[in-house]
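K.L.:
Protein chains in written order, with UniProt numbering: chain L, 1 to 200; chain Y, 1 to 200; chain U, 1 to 200; chain V, 1 to 200. Each residue gets a CB set at the ideal place from its N, CA and C atoms; glycine is no exception. Below you will find the structure I want to go over with you.
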DNA sequence: TATGAATGAGTCTTCATTCAT
DNA sequence: AATGAATGAAGACTCATTCAT
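In structure tokens:
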């Protein structure tokens, strides 16, 4: 694929992501994206099949951003409980910073991905599964190494933990002071994961 | 408000909820709801301002169903940690059974509520806040009575815990055997809340 | 079907026929028909599936007009050659008068019917076949009764004779003095059919 | 005009004719022709003004093919009725073989020529006139030489005869066994022209 | 009160044409 | 001369909403 084509596709996805995040998938017209990009709207159809194709590509791109941000984190690297705790904190901070820096990502993944046609393939559902599998790999590593309890299904734990994270990310999009939200939130998740709520 | 009017409103909301859950908010036409209800579509406009008004009412009604299911659970009733654990399990089972029995509720709250026009008031966000406040009340009760740790913000804990629950409910809508999902899921949430993942 | 619905369909077909005849199928926009009818263009889609559906219905209606004009002519009624000659003249005059009175019919059948989507069912081709079969029935009657030669395939004769008639009708749409064209044209077709071109 | 330019024009017309015949004028995109030709679609606009110009040129080229096929037939050559009969049969066979060999020609002339924008100059109508004038010249020759009846307008006869021929050619495009259609068809036209339908 | 025919604003999508390279 | 990326006018079609009955 020639360089120019990739650039144009990228530019379209960036513009589309911005507008989808602002107005939402259904409220966004092709012409809105065209205006944002400063191009004729016929141009989109040279790079994408239709509006839904653009939207799905925007979501995929956003998922890629998340995935890139965590590419350094190897699910099998932690050897002790405290190493894993540290890893959880680090991942939490990375995700947190990513969403604070680009709230668009959150809006695209948590709002628009769900609003795109409820047909297969279910982009949001698939992404949630993939994310759970990733998190589960960490849990399974801990179970294999003996520092995490074995009586829980790693995949279910993965889903539950991700559920907390996603909820935090969504909340981030609505609070007055997103940056100040990070510390308490990460601390809460970490405490729930490793200590539980019981006193002392 | 006369009795008949309430009945008709209810009937419309029931029909609309069914169709929204099946097809999604944007893919649903007023005429689809009319067909489901067996009434002319002009009728809706005697009871609701517009399509969005119907959708918001459907979501509110669904929230009411959840709230009703938990009306017996008093956030201030648990006096000990083990009483609260038992209460958490009970609430978990209730929610679980509700969504298994009426998957519509899940689809309306987790998919359609988000797809409704991204304008204020943000129905989904408000609902999440309300739910978090409710859960936080339980946490605060435990903190006040001394059986839950005090170093966490009760509201943040409420959000995190609800995040796990919502994720489970969403997953329920997609698995082959929803009924079999309950036990492991509730157990996982309970363990995370009270014991943490550490081994022994 | 209620009376009003039939009327509206009819009114749409009349308006559409007029505009199609004037501008041609492809050059005609739904909005042109709407303007002609004095109705909103959304209205069409309550009565017809799409633009092609309207056009096919317009053509069918035009075919019906032709067929109605000839409904009195029984292919089996002529008992002698001279009776058949008279019948041919009479049919010629009827068709001639119909197209002179409503040139729209000609334009719709000979231009628009062909321009509508080249997909099956091939409206124009089917109509030509049906017309040939009708004419062939007259020929066959003459062959059976012995006053027409038997060495020609009646269906082929039907097609050839209709070919002459259609060509005349098309020409009618373009000449300065359509009414004056009738006599020589009918005479020519009659002569070719019954006498041949040879002198004396 | 340089040689190369003529070649390229020819190549474009050949490709365009092929695609128009396959899909029809309106369903054919400039890019379809470009793909068929294996050239960029911007190229067309160096040789033709626009899509309609290409189409009109394609039709003219097709008319030229017909005209070439009959270039040997001199309207004034027949000196007797039987010579003219023989000439009619020969012309019939030539046209027949041409359309069987290149059905494209038929589709272009009988379908596409009509579908091109209904603006002046009316290509199809003009062609029909020219063809009628050509046929009429044969008739007039016979009338002048005394072997054809004089009470018919030669031009009208020309149109009528051509109408039969065109109808046969159109039919050729649709039948299962085009080659087998020739003999009966030519025989029918010949019989109608010279003998009439009357028995014995 | 209930209906559903009518409406037309709004939207996606196509494709002939242009023009910088 | 040849190309094909870019463009935007044009057009078909949908559907929430209105209102006369």
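How about residue 91 of chain Y: is its C-beta nearer than 8 Å to some C-beta of chain L?
P.N.:
no
K.L.:
Using a 10 Å radius around the Cβ and a threshold of 16 neighbouring Cβ atoms, would you call residue 86 of chain L buried or exposed?
P.N.:
exposed
K.L.:
In the DSSP output, what is residue 148 of chain U paired with across the bridge?
P.N.:
V/198
K.L.:
Cβ closer than 8 Å: which chain Y residues qualify as neighbours of residue 162 of chain L?
P.N.:
167
K.L.:
Spatial neighbours of residue 159 of chain U within its chain, please: C-beta separation below 7 Å, excluding the five flanking residues on both sides.
P.N.:
132
K.L.:
Ordered along the chain, which non-local residues of its own chain (more than five positions away) have a Cβ less than 7 Å from that of residue 1 of chain L?
P.N.:
For residue 1 of chain L, the predicted structure reports a pLDDT of 47, less than 50, and the residue's modelled location is therefore unreliable. The matter cannot be settled from this model.
K.L.:
List the residues of chain V whose Cβ lies closer than 7 Å to the Cβ of residue 125 of chain U, in chain order.
P.N.:
174
K.L.:
Can you tell me whether residue 140 of chain Y is buried or exposed, with buried defined as 16 or more other CB within 10 angstroms of its CB?
P.N.:
buried
K.L.:
Are the beta-carbon atoms belonging to residue 24 of chain L and residue 115 of chain L less than 8 Å from one another?
P.N.:
It is a contact, given that the beta carbons lie within the stated cut-off.
K.L.:
Of the choices U/155, U/169, U/152 and U/69, whose alpha-carbon is the least far from that of residue 94 of chain U?
P.N.:
U/69
K.L.:
Relative to chain L, which residues along the stretch 102-118 of chain Y have a C-beta separation below 7 Å, given in chain order?
P.N.:
111, 114, 115, 117 and 118
K.L.:
What is the DSSP secondary structure of residue 28 of chain Y, reduced to helix, strand or coil?
P.N.:
Of the three classes helix, strand and coil, the one that applies to residue 28 of chain Y here is coil, per DSSP.
K.L.:
For the alpha helix (DSSP H) containing residue 49 of chain L, name the first residue and the last one.
P.N.:
Per DSSP, residue 49 of chain L belongs to no alpha helix (DSSP H) and is neither H nor E.
K.L.:
Among Y/58, Y/174, Y/177 and Y/8, whose alpha-carbon lies nearest the alpha-carbon of residue 38 of chain Y?
P.N.:
Y/8
K.L.:
In whole angstroms, what is the alpha-carbon distance linking residue 205 of chain U and residue 28 of chain U?
P.N.:
Missing from the structure shown is residue 205 of chain U; chain U here goes from 1 to 200 and no further.
K.L.:
Enumerate in chain order the residues of its own chain whose CB-to-CB distance from residue 194 of chain L is below 7 Å, with the five nearest sequence positions on each side excluded.
P.N.:
85
K.L.:
Can you tell me the Cα-Cα spacing of residue 36 of chain U and residue 64 of chain Y, whole angstroms?
P.N.:
Computed Cα separation, rounded: 53 Å.
K.L.:
Relative to the C-alpha of residue 78 of chain L, which candidate in L/67, L/97, L/145 and L/117 has its C-alpha closest?
P.N.:
L/145
K.L.:
Could you tell me the alpha carbon to alpha carbon distance between residue 122 of chain Y and residue 60 of chain L, rounded to whole angstroms?
P.N.:
26 Å
K.L.:
Compare the beta carbon distance of residue 42 of chain V and residue 166 of chain U with 8 Å and say whether it is the shorter of the two.
P.N.:
Not closer than 8 Å, so no.
K.L.:
How big is the Cα-Cα spacing for residue 187 of chain Y and residue 157 of chain L?
P.N.:
In a straight line, the C-alpha of residue 187 of chain Y is about 10 Å away from that of residue 157 of chain L.
K.L.:
Please classify residue 118 of chain L: does DSSP put it in a helix, a strand, or coil?
P.N.:
coil
K.L.:
Could you name the residues of the same chain whose beta carbon sits closer than 6 Å to that of residue 113 of chain U, not counting the 5 residues immediately before and after it, in chain order?
P.N.:
59, 123 and 124
K.L.:
Can you check whether the CB of residue 107 of chain L is closer than 8 Å to the CB of residue 11 of chain L?
P.N.:
no
K.L.:
Under 8 Å, CB to CB, which of the residues in the UniProt domain "HTH tetR-type" (6-66) of chain U have a partner in chain V?
P.N.:
23, 24, 26 and 27
K.L.:
Figure out for me which residue from Y/168, Y/91 and Y/118 has the closest Cα to the Cα of residue 128 of chain L.
P.N.:
Y/168
K.L.:
For residue 153 of chain Y, which residues in chain L fall below 8 Å Cβ to Cβ?
P.N.:
184 and 188
K.L.:
What are the boundary residues of the alpha helix (DSSP H) that includes residue 98 of chain U?
P.N.:
81-101
K.L.:
Give the straight-line distance between the Cα atoms of residue 102 of chain U and residue 111 of chain U, rounded to the nearest whole angstrom.
P.N.:
15 Å
K.L.:
With DSSP run on the structure shown, which of helix, strand or coil describes residue 78 of chain Y?
P.N.:
Residue state, collapsed to three classes: coil.
K.L.:
Rounded to whole angstroms, what's the CA-CA distance from residue 153 of chain Y to residue 184 of chain L? Just pull it up for me.
P.N.:
8 Å
K.L.:
Between residue 96 of chain L and residue 182 of chain L, is the Cβ-Cβ spacing less than 8 Å?
P.N.:
yes
K.L.:
Going by alpha carbons, who is nearest to residue 76 of chain L out of L/137, L/50, L/6 and L/117?
P.N.:
Per the Cα distances, L/137.
K.L.:
For a quick check, are the C-beta atoms of residue 57 of chain Y and residue 13 of chain Y less than 8 Å apart?
P.N.:
yes
K.L.:
If we ignore side chains and look at the alpha-carbon of each, how far apart do residue 199 of chain V and residue 118 of chain V end up?
P.N.:
44 Å
K.L.:
Give the DSSP-derived three-state secondary structure of residue 175 of chain L in the structure shown.
P.N.:
coil
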